Amino acid sequence: MNIFPELQRLNPTLLVPQSIPPYKCYQVPQNLSSDQGTKGHIRRLAWTQLQLPQICRKLRSRLLFSPIPEAPLFSGCRYVVTVHDLIPLRFPVKYSRLTAYFRYYVPRVLEQSEHIICDSESTAKDVTNFFNIPYNKITPILLAHDANNFRVLDLHTSNYFLYIGRHDPYKNLQRLILAFAALPNYKEYELWIAGPSDRRYTSIIKAFIEEKNIQNVKFLDYVDYRELPVLINRAIALVFPSLWEGFGLPVLEAMACGTPVITSNLSSLPEVAGDAAILINPYNVEEITEAMQAVAGDAGLRNKLRLAGLARSKQFSWTKTGQATANVLQRYL
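In the numbering used here, the protein residues as written are 38 to 370.
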């Protein structure tokens, strides 16, 4: 919903489960399931193909904007969609329904779209490379952060490095843990991993830690959104060595909190971090360790990264994102 204030000049109608003032809304029928997992996914796709076209005709819609790569196929409905990332294709899981979704359904949606918005230039290039879609049909529009929530809180720095995110293999947690354990005095520090447990991967990571006899790694399964800035503000640094991201929001949120950032030099992450973070090769454990050691041991470097991150974060706003999105949609109305 962050971009919709900027879309008001287009006089849109939102399709929502319940009324959200001050927008003109169309009540979505109850049979659009909010179920999670495969069941909810299938029911949502069925609704998109069978009932959404009827709604578009009833509203005499000139253009549908979908903030995910889903839209009615072969319906005559003109639409613009957003692609956040193509990670299931970059790191495919055998027999995964999500991989199949991106391999067979998403390409059809993108081919029939009027235009495609992506969260970064990196994702835009992925769309071109994976689906052979002309780059001039794509507009990269960077996201933003909640500046009211993620801000400097003037708290004392604690003794932990912080990672925020999921536990999937592409998040590169095993290399991060090895890099942490390779710090010469690592037992003086802690590594906090904040993000939801995953029955597929979390137990593997914990078994890896136990096998390597690594100490001081703490898992935070749930952190309240309002408490997350406190966690970030108190960290020595956010370490985010992901192998691939569509945007990498934790990097921007940490910079907005004035917390030093160590992140990957791949995919969209350099677009977000600019020169305000230490960029590392995420496949090189030694390089990650050296960056962590440098930040922990050099107050001057921490302050430099703090100031650079704060300045960088101010270049992002939901107003900019919304205006850029509205400009794209306006071209097709």
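Ideal Cβ positions, reconstructed from N, Cα and C, are used throughout, including at glycine.
Owing to the predicted nature of the structure, the values given are computational and were not obtained by experimental measurement.
Residue i to residue j span [Cα, whole Å]
i      : j      : result
TYR226 : THR119 : 40 Å
ILE153 : ALA291 : 29 Å
PHE111 : ALA219 : 55 Å
ALA184 : ILE40  : 14 Å
ARG134 : LYS174 : 27 Å
ASN270 : TYR172 : 39 Å
LEU344 : LEU257 : 28 Å
ALA274 : TYR116 : 41 Å
LYS224 : SER304 : 32 Å
SER354 : HIS121 : 17 Å
ARG212 : LYS255 : 16 Å
ARG237 : TYR138 : 19 Å
LYS76  : LEU100 : 28 Å
VAL332 : ASN340 : 10 Å
PRO106 : PHE245 : 36 Å
PHE217 : MET329 : 8 Å
LEU51  : LEU199 : 37 Å
ARG94  : ARG368 : 21 Å
TRP84  : PHE102 : 16 Å
GLY74  : LEU82  : 12 Å
ARG80  : ARG203 : 25 Å
ASP78  : PRO319 : Checking the sequence shown, residue 78 turns out to be His, not Asp. Approximately 32 Å, taken between the alpha carbons.
CYS155 : VAL143 : 14 Å
PRO42  : TYR141 : 34 Å
THR136 : GLU327 : 35 Å
PRO49  : GLN352 : 27 Å
GLY113 : GLN91  : 11 Å
Beta bridge counterpart(s) of residue i as assigned by DSSP
i      : result
THR23  : The shown model of the chain, from 38 to 370, leaves out residue 23, and the question about it has no answer.
TYR116 : LEU101
VAL298 : LEU275
ILE317 : SER301
THR176 : ILE154
ALA231 : ILE201 and LEU257
Residue i classed as buried or exposed, judged by whether at least 16 other C-beta atoms fall within 10 angstroms
i      : result
SER98  : buried
LEU96  : exposed
GLY359 : buried
THR356 : exposed
GLU247 : exposed
ILE452 : In the structure displayed, the chain extends from 38 to 370; residue 452 sits before or after that span and is not available.
GLU323 : exposed
PRO221 : exposed
GLU264 : exposed
ALA348 : exposed
LEU370 : exposed
LEU179 : buried
LEU342 : buried
ALA161 : buried
ASP335 : exposed
ASP261 : exposed
Beta-carbon proximity of residue i to residue j, cut-off 7 Å
i      : j      : result
ALA231 : ILE201 : yes
TRP229 : TYR259 : no
ILE325 : ILE317 : yes
SER350 : ALA293 : yes
ALA272 : THR239 : no
VAL309 : LEU338 : no
ALA313 : GLY283 : no
LEU123 : ASP163 : yes
ALA363 : LEU44  : yes
GLN86  : PRO104 : no
LEU47  : LEU366 : yes
PRO266 : ASN321 : no
PRO177 : GLU158 : yes
LEU306 : GLY285 : yes
Does the region 290-305 come close enough to the region 273-280 that 3 or more CB-CB pairs lie under 8 Å?
-> Judged by Cβ distances under 8 Å, the region 273-280 makes contact with the region 290-305, as three or more pairs qualify.
Say whether the region 245-252 touches the region 188-202, bearing in mind that this needs 3 or more beta-carbon pairs closer than 8 Å, one atom from each stretch.
-> no
At a cut of 8 Å, does the region 118-134 reach the region 206-219 through at least three beta carbon pairs?
-> yes
How do the region 163-177 and the region 139-149 stand: do at least 3 beta-carbon pairs fall below 8 Å, yes or no?
-> Contact holds: three or more Cβ-Cβ distances are below 8 Å.
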